[in-house]
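Just so we're aligned: the sequence shown equals residues 7 to 160 in the working numbering.
Remarks on the structure that follows.
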Amino acid sequence: MSGHIPVMLEEVIKALDVQDGDVIIDGTFGGGGYTRAFLEKADCKVIAVDRDETAIARAKDLAAETDGRVVPARGTFSKLDELARSKEFDTVNGVVLDIGVSSFQIDEAERGFSFMKDGPLDMRMDQSAGQTAADLVNKVCDEKELADLFYKYG
Numbered sequence: 007m008s009g010h011i012p013v014m015l016e017e018v019i020k021a022l023d024v025q026d027g028d029v030i031i032d033g034t035f036g037g038g039g040y041t042r043a044f045l046e047k048a049d050c051k052v053i054a055v056d057r058d059e060t061a062i063a064r065a066k067d068l069a070a071e072t073d074g075r076v077v078p079a080r081g082t083f084s085k086l087d088e089l090a091r092s093k094e095f096d097t098v099n100g101v102v103l104d105i106g107v108s109s110f111q112i113d114e115a116e117r118g119f120s121f122m123k124d125g126p127l128d129m130r131m132d133q134s135a136g137q138t139a140a141d142l143v144n145k146v147c148d149e150k151e152l153a154d155l156f157y158k159y160g
């Protein structure tokens with residue numbers, strides 16, 4: 007396993023300048039790298055958002071370790087406002103997003119994000135929602151549509 011390294015961690019910590027009492031949203035919790043750094047820097051709370059159930063399980067574990075300073079919230083970063091309010095936070099002091107596939111998703115063959123290991127062609131950020139990449143390739147697309155998808159999205 008490669009382990010996840012948060013992108014530009016020092017720069018993010020400096021830019022957000024987290025203080026005691028702050029509420030921060032980690033909008034793409036993943037492995038929790040930013041969240042752990044915020045908790046080390048200040049006596050703050052972090053709303054840990056992710057659509058991936060495995061990441062939310064990690065957030066729940068961290069919440070237990072930190073006496074509730076981490077508040078797990080399963081959902082997408084496009085709904086941060088709703089998620090924060092659903093956890094009874096009306097204001098926040100900062101937001102961080104590390105958008106893209108996480109190292110955990112690449113490392114786990116069953117997630118289907120990498121060709122380095124054999125696994126199903128899944129490629130869903132939220133494994134409980136929508137069709138898999140295998141469904142798309144085998145049932146939805148004809149050859150031209152598939153070629154267009156590869157051309158357009160890589």
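Note that the Cβ used here is the ideal one computed from N, Cα and C, for glycine as well.
Of the residues the options, which one's Cα is nearest the Cα of residue i?
| i | options | result |
| --- | --- | --- |
| residue 179 | 45, 86, 60, 69 | Given that the chain is displayed from residue 7 to residue 160, the structure contains no residue 179 and the question cannot be resolved. |
| residue 13 | 27, 24, 41 | 41 |
| residue 105 | 84, 148, 151, 68 | 84 |
| residue 52 | 144, 59, 86 | 86 |
| residue 59 | 76, 133, 103, 92 | 133 |
| residue 17 | 63, 102, 69, 151 | 102 |
Give me the DSSP bridge partner(s) of residue i.
| i | result |
| --- | --- |
| residue 29 | 51 |
Pull up the CB-CB distance for residue i and residue j, whole angstroms please, since I reckon it's below 8 Å.
| i | j | result |
| --- | --- | --- |
| residue 54 | residue 79 | 7 Å |
| residue 30 | residue 98 | 7 Å |
| residue 127 | residue 135 | Wrong, their Cβ atoms sit about 16 Å apart, outside the cutoff. |
| residue 81 | residue 50 | Not really, about 21 Å apart at Cβ, beyond 8 Å. |
| residue 43 | residue 15 | 6 Å |
| residue 93 | residue 77 | 5 Å |
Using the Cβ count rule (16 or more neighbours within 10 Å means buried), how would you classify residue i?
| i | result |
| --- | --- |
| residue 65 | buried |
| residue 153 | exposed |
| residue 32 | buried |
| residue 36 | buried |
| residue 38 | buried |
| residue 90 | buried |
| residue 96 | exposed |
| residue 56 | buried |
| residue 73 | exposed |
| residue 7 | At residue 7 the pLDDT is 40, less than 50, meaning the model places this residue with poor confidence and gives no usable figure here. |
| residue 67 | exposed |
Practice task
At 4 residues or longer, and completely inside the segment 33-101: list those alpha helix (DSSP H) runs for me, N to C.
Solution key: 39-47, 59-71, 86-92
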